[in-house]
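Quick notes on the structure that follows.
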Amino acid sequence: MRERPVRVVIAKPGLDGHDRGAKVIARALRDAGMEVIYTGLRQTPEQIVSAALQEDADVIGLSILSGAHLHVCTRLMELLRAEGLHDVLVLVGGIIPDQDVPRLQAIGVRGIYLPGTPMQAIVDGIRRDVRRHAPLDA
Numbered sequence: 341m342r343e344r345p346v347r348v349v350i351a352k353p354g355l356d357g358h359d360r361g362a363k364v365i366a367r368a369l370r371d372a373g374m375e376v377i378y379t380g381l382r383q384t385p386e387q388i389v390s391a392a393l394q395e396d397a398d399v400i401g402l403s404i405l406s407g408a409h410l411h412v413c414t415r416l417m418e419l420l421r422a423e424g425l426h427d428v429l430v431l432v433g434g435i436i437p438d439q440d441v442p443r444l445q446a447i448g449v450r451g452i453y454l455p456g457t458p459m460q461a462i463v464d465g466i467r468r469d470v471r472r473h474a475p476l477d478a
């Protein structure tokens, strides 16, 4: 059994200034018993990875509505690998065209959530994948 709650960094990368969805997700995850760190608007992949490292995050959740998801996620995954953060789950939510889903999965994004996804599906996905892939505290 985990000794601490799942720690999730929620970030809004790029120039997109609409963060209502990210805040709704952050609240839902917090209500589900997770520790949530919301980094705010206009974050770079470097800032997001730095926050994940500093906060000992189990999960990074990105909210992207700008269409930059492939660029942002590719860079983020490169940085995570460079920092040795192979066990951090990366999730992305927003407007993701169907044809981009396989590429996101191929670079290591574990969850892709489109508008209208039930909050419980996101909570359940995080709990399932953290339990399966992230190291548990002894």
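Numbering (this note's numbering), first residue to last: 341 to 478. We put the beta carbon where it would ideally sit given N, CA and C, even for glycine. Since the model is a prediction, treat every value here as computed from it, not as a measurement.
If you run the structure through DSSP and keep just helix, strand and coil, what is Gly354? In the sequence shown, residue 354 corresponds to position 14, counting from 1. Gly354: coil per DSSP, three-state reduction.
With respect to the alpha helix (DSSP H) encompassing Val364, which residues constitute its N-terminal and C-terminal limits? Within the sequence shown, residue 364 is the residue found at index 24, counting from 1. Where Val364 is concerned, the enclosing alpha helix (DSSP H) stretches over Arg360 to Asp371.
Suppose contacts are defined by Cβ-Cβ distances below 8 Å. Is Thr384 in contact with Val349 by that definition? As a working mapping, residue 384 is identified with position 44 in the sequence shown. As a working mapping, residue 349 is identified with position 9 in the sequence shown. Against a cut-off of 8 Å, the Cβ pair of Val349 and Thr384 comes out as no contact.
Distance check for Arg415 and Gly465, CA to CA, integer angstroms please. Position 125 of the sequence shown holds residue 465. Position 75 of the sequence shown holds residue 415. Rounded to the nearest angstrom, the two C-alpha atoms are 23 Å apart.
May I ask you to report which of helix, strand or coil DSSP gives Ser406? Counting from 1 along the sequence shown, the entry for residue 406 is found at position 66. Correct three-state label for Ser406: coil.
At 3 residues or longer, and completely inside the segment 381-436: list those beta strand (DSSP E) runs for me, N to C. The segment 381-436 contains these whole beta strand (DSSP E) runs: 399-404 and 429-434.
Unbroken alpha helix (DSSP H) run spanning Val441, endpoints: As a position in the sequence shown, residue 441 is number 101, starting the count at 1. First-last of the alpha helix (DSSP H) with Val441: Val441 to Ala446.
Go to Glu488, then tell me how far its beta strand (DSSP E) extends in each direction, as first and last residue. The structure shown does not extend to residue 488, since the chain is modelled only from 341 to 478, so the question has no answer here.
In the DSSP assignment, what residue or residues form a beta bridge with Val346? Taking the sequence shown and counting its residues from 1, one reaches residue 346 at position 6. BP columns for Val346 are empty, so no partner.
List the residues that DSSP assigns as beta-bridge partners of Ile452. For the purposes of this step, residue 452 is taken as residue 112 along the sequence shown, with counting starting at 1. DSSP lists Val432 as partners of Ile452.
Please report the Cβ distance between His358 and Leu402, rounded to the nearest whole angstrom; I am assuming they are in contact, meaning their Cβ atoms lie under 8 Å. In the sequence shown, counting from the first residue as 1, residue 358 sits at position 18. In the sequence shown, counting from the first residue as 1, residue 402 sits at position 62. In fact, because the Cβ distance is near 13 Å, the residues do not count as touching under 8 Å.
For Val364, which of Glu343, Asp356, Gly354 and Val376 has the nearest alpha-carbon? As a position in the sequence shown, residue 364 is number 24, starting the count at 1. Nearest C-alpha to Val364: Val376.
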